[in-house]
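S.K.: For reference, the structure I am asking about is given below.
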């Protein structure tokens, strides 16, 4: 079973911690929207470009000193792997590869972990 979903706390002990929490919550909301779209509209050409942008942000968050929560790190690493796979599609409409990616999402329970990690009300604020 995949690790439990991390949570992004709204109350951080200092400004940099709070900024990291806000940036992480915003990023997770964008990734959740992207992955949901990927599953529901798999033929869209723009997915590779969006995945590249999200991959860059994911890697920045992974490299941040604020990335100390092991559950958040595991989630970000799973997201990094998925986003790398989507960028490799690069406009190709390979249904088999896309099915493998979405199967991986389900097996690792990425979307439920992602949704649990986003603070309540965050998606509505964006």
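In the numbering used here, the protein residues as written are 4 to 129.
Backbone N, C-alpha and C fix where the C-beta goes; we use that ideal spot for every residue, glycine too.
(1) Where do the N-terminal and C-terminal ends of the alpha helix (DSSP H) with residue 67 fall, by residue?
(2) Going along the chain, which residues of its own chain have a beta-carbon closer than 7 Å to the beta-carbon of residue 123, five neighbours each way excluded?
(3) Whole angstroms are fine: how far does the CA of residue 85 sit from the CA of residue 49?
(4) What span of residues does the alpha helix (DSSP H) with residue 88 cover, start to end?
(5) Can you tell me which of the three DSSP states residue 1 falls into?
(6) Just reading off the alpha helix (DSSP H) that residue 104 is part of, what are its end residues?
(7) Put residue 115 into one of helix, strand or coil per three-state DSSP.
(8) Helix, strand or coil for residue 23, going by three-state DSSP, please let me know.
(9) Using 8 Å for Cβ pairs, my map puts residue 51 next to residue 89. What's the rounded Cβ distance?
M.R.: According to the data block:
(1) Segment: none, residue 67 is in no alpha helix (DSSP H) and carries neither H nor E.
(2) none
(3) 16 Å
(4) 73-92
(5) Any question about residue 1 goes unanswered here, given that the chain covers just 4 to 129.
(6) From DSSP, the alpha helix (DSSP H) with residue 104 extends over 98-110.
(7) helix
(8) helix
(9) 6 Å
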